[in-house]
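*Asks:* Have a look at this one.
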Amino acid sequence: AQTVTQSQPEMSVQEAETVTLSCTYDTSESDYYLFWYKQPPSRQMILVIRQEAYKQQNATENRFSVNFQKAAKSFSLKISDSQLGDAAMYFCAYRRLSGNTGKLIFGQGTTLQVKP
Amino acid sequence: EAQVTQNPRYLITVTGKKLTVTCSQNMNHEYMSWYRQDPGLGLRQIYYSMNVEVTDKGDVPEGYKVSRKEKRNFPLILESPSPNQTSLYFCASRSRDTGLHDNEQFFGPGTRLTVL
Chain G
89 AQTVTQSQPE MSVQEAETVT LSCTYDTSES DYYLFWYKQP PSRQMILVIR
139 QEAYKQQNAT ENRFSVNFQK AAKSFSLKIS DSQLGDAAMY FCAYRRLSGN
189 TGKLIFGQGT TLQVKP
Chain S
580 EAQVTQNPRY LITVTGKKLT VTCSQNMNHE YMSWYRQDPG LGLRQIYYSM
630 NVEVTDKGDV PEGYKVSRKE KRNFPLILES PSPNQTSLYF CASRSRDTGL
680 HDNEQFFGPG TRLTVL
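Chain order of the listed sequences is G and S.
Start counting the first sequence at 89; every next residue gets the next number (our numbering).
Start counting the second sequence at 580; every next residue gets the next number (our numbering).
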């Protein structure tokens with residue numbers, strides 16, 4: 089069974105600084121997707137960034153980028169120039185490529201505090 | 580506006596009193612899912628549906644029922660709620676897979692359920 093682990097329950101960063109959130113996963117599949125979701129206090133689940141496992145290039149979305157290490161099964165999220173609006177809980181998630189359930193397997197979440 | 584809606588957003592009930600949380604999407608998506616979010620556990624899939632009249636269990640289905648009589652609706656039914664079902668619930672939908680392209684999963688706003 090696939091699992092996703094976020095070992096940092098809480099992180100903090102100074103405004104305008106850079107922070108990296110860690111995520112590891114376990115799977116025997118070779119093709120899959122990885123995601124980072126943001127959950128602000130409103131509780132809405134917001135997709136931050138997506139990585140296809142078959143792509144070697146790390147995904148980037150403006151100030152958000154990932155470090156995808158397929159052999160190590162590691163998928164960290166880097167937030168550059170942190171802003172107060174980045175404060176939220178962040179979830180790492182995995183989805184198999186095969187099968188049609190669309191099931192996302194989530195990590196435990198990391199709460200990010202941004203200090204002014 | 581493309582969206583997933585859930586009702587109610589908040590619910591406090593008592594043990595054993597049947598309840599239904601509704602979910603509706605206006606994007607003509609085939610796949611719909613229910614997740615529950617608990618502290619330290621992330622989100623876990625309860626049930627999913629691949630299309631009308633096609634439903635199956637996710638990872639934590641005990642104590643829940645679902646139905647998919649119409650493509651747009653996917654209600655979650657708790658026949659006899661218990662305190663361990665106190666949680667934050669999310670409905671999600673996405674369109675069918677098309678090749679290697681991952682179709683984004685859209686989440687509802689969440690339903691905070693408390694069972695006394």
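Beta carbons: idealized from backbone N, C-alpha and C, even for Gly.
If you're wondering where the values come from, they're calculated on a predicted model, not measured in any experiment.
#1: Taking only the alpha-carbon atoms, compute the straight-line gap between Asn-155(G) and Leu-122(G) and give it to the nearest angstrom.
#2: Looking at chain S, is there any beta carbon in it that lies within less than 8 Å of the beta carbon of Phe-194(G)?
#3: Strictly below 7 Å CB to CB, what residues from chain G border Pro-587(S)?
#4: Give me the Cα-Cα distance between Pro-618(S) and Ala-176(G), rounded to the nearest whole angstrom.
#5: I'd like the list of long-range same chain contacts for Phe-163(G), defined as Cβ closer than 7 Å, with 5 residues on each side in sequence excluded.
#6: Put Gln-624(S) into one of helix, strand or coil per three-state DSSP.
#7: By the 9 Å beta-carbon criterion, what residues does the region 126–148 of chain G contribute toward chain S?
#8: Using a C-beta cutoff of 8 Å, does Leu-692(S) count as contacting chain G?
#9: I'd like the ranges of any alpha helix (DSSP H) spanning at least 4 consecutive residues and lying wholly in the region 602–671 of chain S.
#10: Below 9 Å on C-beta distance, what does Glu-649(S) contact in chain G?
#11: So, at 7 Å on beta carbons, what are the nonlocal neighbours of Leu-135(G) in its own chain, with the 5 sequence-adjacent residues on each side left out?
#12: For Leu-620(S), would you say it is in contact with chain G, using Cβ-to-Cβ distances shorter than 8 Å as the test?
#13: Considering only residues of the same chain and omitting the five flanking positions on each side of Ile-137(G), which have a CB-CB separation below 8 Å?
#14: Are any of the Cβ atoms in chain S nearer than 8 Å to that of Thr-115(G)?
*Replies:* The short version:
#1: 11 Å
#2: yes
#3: Chain G residues near Pro-587(S): none, gap ~14 Å exceeds 7 Å.
#4: When rounded, the distance between both Cα atoms is 14 Å.
#5: Cys-111, Tyr-113, Leu-122, Gln-139, Val-154, Phe-156, Cys-180
#6: The answer is strand: DSSP assigns Gln-624(S) an E or B state.
#7: Gln-127, Ser-130, Arg-131, Gln-132, Met-133, Ile-134, Leu-135, Arg-138, Glu-140, Tyr-142
#8: With 8 Å as the cut-off, Leu-692(S) does not count as an interface residue toward chain G.
#9: The region 602–671 of chain S contains no whole alpha helix (DSSP H) run of 4 or more residues.
#10: Under the 9 Å cutoff, chain G gives no residues; its nearest Cβ is about 19 Å from Glu-649(S).
#11: Phe-123, Tyr-125
#12: yes
#13: Phe-123, Trp-124, Ala-147, Thr-148, Glu-149, Phe-152, Ser-153, Val-154, Leu-165
#14: no
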